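Engineer: Residues 29 to 222 (the numbering used here) make up the sequence shown, in order. We treat Cβ as the ideally placed atom computed from N, Cα and C, and that holds for glycine. Quick caveat, the model's predicted, so the values are computed rather than measured.
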Amino acid sequence: MGDRREDRFGKMAREDGFEARSVYKLEEIQKKHRLISGGMRVVDLGCHPGSWSRYALDLIGERGRLVGVDTKTPPGLRGVFLTESVFDVTPERLLEALGGPADVVLSDMAPSTTGDRAGDHYRQIELARQALTIALAVVRPGGSFVCKVFEGGEAAAFVNEARAGFGTVRRVRPEAVRKESREWFLVGTARRNG
Ligand SMILES: C[S@@+](CC[C@H](N)C(=O)[O-])C[C@H]1O[C@@H](n2cnc3c(N)ncnc32)[C@H](O)[C@@H]1O
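1. What residue does the beta strand (DSSP E) around P9 start on, and which one ends it?
2. My understanding is that V132 touches I64, with C-beta atoms under 8 Å, so please give their C-beta distance in whole angstroms.
3. Consult DSSP for F37 and reduce its assignment to one of helix, strand or coil.
4. Would you say the beta carbon of M68 comes nearer than 7 Å to a heavy atom of ligand 1?
5. State the Cα-Cα distance for the pair R219 and L164, rounded to the nearest angstrom.
6. Determine the DSSP secondary structure at A184, reduced to helix, strand or coil.
7. Who are the near neighbours of M29 in its chain, counting only those whose CB is closer than 7 Å to its CB and skipping five residues on each side?
8. Pairing CB atoms from the stretch 149–164 with CB atoms from the stretch 99–107, are three or more of them under 8 Å?
9. Would you say the stretch 173–182 touches the stretch 196–212, given that touching needs at least three Cβ pairs under 8 Å?
10. What do you reckon, is the C-beta of F186 under 7 Å from a heavy atom of ligand 1?
Right under this line is the structure:
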């Protein structure tokens, strides 16, 4: 059918009290790779409307710190939310808001899509590259990075760029990704020293 009518993940999100069905993509990654745990410092880039942040806040608990960045602020969540573009936020501000280096940087960022696959890919990969730049500046050695990618001409080069900073880099396509979508997630673990 390929339309935007509510599917089973949309229904689950509504019933579970999450802002978006995207939460089940992060949940699948988390269940497989166990990246987030109690007391961690987490950055969530492109955090609006807030389902990834809500899910991560639950995992890190009261002792953890979450800093979200988006041009729109998700309402009603604990954590620090910076209402600005990822091209304007500095690593120093993130480190200060986190109170130390991040254990995990998440990015579910996407531009408003136009349907022009190549154009959407190039706009999205710019966001993914900025997320990687931020992750390389704030993630502690051994830490992790999860980043949405739209498949296209620059994707393989992006994977190689991530490999320079993370010991293990995987391409993951969670079940909750819509069939017609070209998106997948890069999961980088074991941040290399320096
Ligand atoms: C798919 S949504 C994220 C959904 C979120 N993970 C959730 O589960 O609620 C993508 C987000 O990327 C954000 N975004 C796009 N460009 C951005 C930029 N330059 N800086 C910060 N956020 C950006 C959009 O505003 C949008 O809220």
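Structural biologist: Based on what the coordinates show:
1. This structure leaves residue 9 out entirely; the chain is present only between 29 and 222.
2. Going by Cβ atoms, the distance from V132 to I64 rounds to 6 Å, so yes, they are a contact pair.
3. Helix at F37.
4. Ligand 1 has no heavy atom closer than 7 Å to the beta-carbon of M68.
5. Looking at the two C-alpha atoms, the distance is approximately 8 Å.
6. DSSP places A184 in helix when its eight states are reduced to three.
7. Only weak support exists for where M29 lies, its pLDDT of 39 falling under 50; the value from the coordinates is given anyway. Within the same chain, no residue comes within 7 Å of M29 by CB-CB distance, once the 5 residues on both sides are set aside.
8. Short answer: they don't touch.
9. Because the criterion of three Cβ pairs below 8 Å is met, the stretch 173–182 and the stretch 196–212 touch.
10. Look at F186: its beta carbon is at least 7 Å from all of the heavy atoms in ligand 1.
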